[in-house]
Amino acid sequence: MVLVLLAGCGGGVDAGGPEGADGTRSTSTATLTPVPVPTETPDRTATATATPMPTRSPSTPGGALVVPGLTAGGVADPFRFADGHRDAIGDGPYRVRTNVTLVDADGTTLYVQRTRLHVGADGERYVYTSRTGTDESYPVTAFASRLDLWYDGAVATFRIERPDGVEYERVPATGTGPVTDLTGHDRLVGLVSNADLRLVGRGVDGDYRVAGQQFATLSVLRVPPFLAAPRNATLSMVVAEDGLVRGHRLTYTTTYEGQRVRVVRERTFERAGPVAEPAWVREAVNASRQSPTESESRRVVRGR
Numbered sequence: 002m003v004l005v006l007l008a009g010c011g012g013g014v015d016a017g018g019p020e021g022a023d024g025t026r027s028t029s030t031a032t033l034t035p036v037p038v039p040t041e042t043p044d045r046t047a048t049a050t051a052t053p054m055p056t057r058s059p060s061t062p063g064g065a066l067v068v069p070g071l072t073a074g075g076v077a078d079p080f081r082f083a084d085g086h087r088d089a090i091g092d093g094p095y096r097v098r099t100n101v102t103l104v105d106a107d108g109t110t111l112y113v114q115r116t117r118l119h120v121g122a123d124g125e126r127y128v129y130t131s132r133t134g135t136d137e138s139y140p141v142t143a144f145a146s147r148l149d150l151w152y153d154g155a156v157a158t159f160r161i162e163r164p165d166g167v168e169y170e171r172v173p174a175t176g177t178g179p180v181t182d183l184t185g186h187d188r189l190v191g192l193v194s195n196a197d198l199r200l201v202g203r204g205v206d207g208d209y210r211v212a213g214q215q216f217a218t219l220s221v222l223r224v225p226p227f228l229a230a231p232r233n234a235t236l237s238m239v240v241a242e243d244g245l246v247r248g249h250r251l252t253y254t255t256t257y258e259g260q261r262v263r264v265v266r267e268r269t270f271e272r273a274g275p276v277a278e279p280a281w282v283r284e285a286v287n288a289s290r291q292s293p294t295e296s297e298s299r300r301v302v303r304g305r
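Numbered per this note's numbering, the sequence shown spans residues 2 to 305.
Have a look at this one:
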């Protein structure tokens with residue numbers, strides 16, 4: 002899931018964590034309260050041997066399919082697996098929750114991002130919210146401490162909160178708007194294409210548990226800026242009987258200035274009720290004296 006900020010809102014910002022995509026780096030950041038992180042230590046390291054991207058195939062190595070693309074032996078077809086997830090979501094509405102956390106060996110949270118996406122029927126309208134905080138010891142500053150977005154199928158309205166105030170911007174948009182890969186389909190293809198996944202169990206609720214620890218291409222880990230030597234990568238997923246990926250969790254260890262840093266990326270999907278326009282959108286619309294055009298975006302309010 003990638004949020005593309007249009008016009009005056011800047012460049013592209015990855016909604017899944019600090020990728021350095023916005024080009025904004027600073028040592029002036031907020032101090033965070035540490036949050037709990039898993040303490041398990043995987044017993045295998047990620048490998049850097051690249052393998053070709055798989056192609057669609059009708060074969061099902063590992064036995065019969067239990068859900069689209071998944072057999073008892075693991076993910077047989079990454080594309081069919083991701084397609085099955087997207088098909089299970091259907092026309093919506095649904096919610097996507099993404100959490101990214103960086104924690105050093107002392108338990109200090111260097112970076113945390115919490116994003117929430119609520120997509121309406123047919124993906125025509127959605128609400129997106131991102132909250133970000135960074136410890137002063139980690140020299141990366143997010144585009145905004147909080148970013149809210151309402152997309153109605155034609156116009157994207159932003160609420161951008163920074164330490165010096167709040168801005169509203171409205172810009173025209175087409176298709177799915179500023180947020181791409183709404184269902185997480187493309188991210189799933191990348192993850193399962195590169196991980197050595199196995200079906201490890203099934204819960205009393207009927208959901209399948211899938212896990213793996215070997216990665217063919219380390220770029221799929223999306224290592225944040227200034228972190229090096231990714232290792233001990235693990236991926237776990239919970240998959241419903243209809244193919245819906247209820248959630249996936251990617252963890253790995255990196256090094257920052259000689260110290261160990263743990264990266265945790267979590268995402269969950271769930272069906273939801275209708276999406277509603279946030280209350281703050283009316284303020285942005287009322288403050289704007291004209292509709293946005295294709296060539297401009299209007300900064301309509303500033304200050305708290």
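Beta carbons are placed, not taken as given, at the ideal position from N, Cα and C, and that holds for glycine.
All figures in this text were calculated on a predicted structure; none of them were measured in a lab.
- Shown here, D187 sits in a helix according to DSSP, grouped into three states.
- Between the beta-carbon of A143 and that of E162 there is about 11 Å, and that puts the pair past the 8 Å contact cut.
- For V141, the secondary structure class from DSSP, reduced to helix, strand or coil, is coil.
- Assignment of D88 by DSSP, reduced to helix, strand and coil, places it in the helix class.
- The beta carbon of L251 sits closer than 6 Å to the beta carbons of L236 and R266 from its chain, once the five residues preceding and following it are set aside; these are given in chain order.
- Looking at the DSSP output, L219 shares a beta bridge with no other residue.
- Take the alpha-carbon of D206 and the one of G185: they are about 23 Å apart.
- Within the same chain, T184 and H186 come within 7 Å of R87 by CB-CB distance, once the 5 residues on both sides are set aside.
- In this structure A122 is not in contact with D153, their Cβ atoms being roughly 13 Å apart against a cut-off of 8 Å.
- Rounded to whole angstroms, the Cβ separation of P226 and V141 is 5 Å, and the two are in contact under 8 Å.
- The alpha carbon of G274 has as its nearest neighbour, out of L66, V221 and Y127, the alpha carbon of Y127.
- Going by C-alpha positions, Y169 is about 15 Å away from P179.
- When DSSP states are grouped into helix, strand and coil, R126 belongs to the coil group.
- Separation of the CB atoms of A157 and L150 is rounded to 6 Å, and the pair is thereby assigned contact status at 8 Å.
- Per DSSP, the unbroken alpha helix (DSSP H) holding V282 starts and ends at W281 to A288.
- V224 sits close to P231, with the two beta carbons spaced by under 8 Å.
- Residue pairing by DSSP places R268 opposite T99 and H249 in a beta bridge.
- Sequence-distant partners of G85 (beyond 5 residues in either direction) whose C-beta falls short of 7 Å from its own C-beta, in its chain, are V68, P69, G70 and G244.
- Remark: C-beta atoms of V193 and F82 approach each other more closely than 8 Å.
- In this structure, the alpha-carbon of P79 lies about 25 Å from that of T116.
- Residue environment for G213: buried (at least 16 other C-beta atoms within 10 angstroms of its C-beta).
- One thing to note: V211 has its Cβ within 8 Å of the Cβ of V240.
- Under a 10 Å Cβ-count criterion, R268 is classified as buried, with 16 or more other Cβ atoms of the shown protein chains found around its own Cβ.
- Relative to L66, the option among A229, D165, L111 and Y209 whose CA is nearest is Y209.
- Judged by DSSP secondary structure, A157 falls within the beta strand (DSSP E) whose first and last residues are V156 to R163.
- Rounded to whole angstroms, the Cβ separation of Q215 and A229 is 20 Å, and the two are not in contact under 8 Å.
- Taken through DSSP and simplified to helix, strand or coil, V262 comes out as strand.
- By the criterion of a C-beta distance shorter than 6 Å, A174 is surrounded in its chain by A157, once the five residues flanking it on both sides are discounted.
- Non-local beta-carbon contacts of L198 in its own chain, meaning distances under 8 Å to residues more than five positions away in sequence, involve G75, V76, V211, A212, G213, L236 and M238 in chain order.
- Contact check for Y95 against Y139 fails: the beta carbons are separated by 8 Å or more.
- Spanning the alpha carbons of Y257 and T109 requires a straight line of approximately 13 Å.
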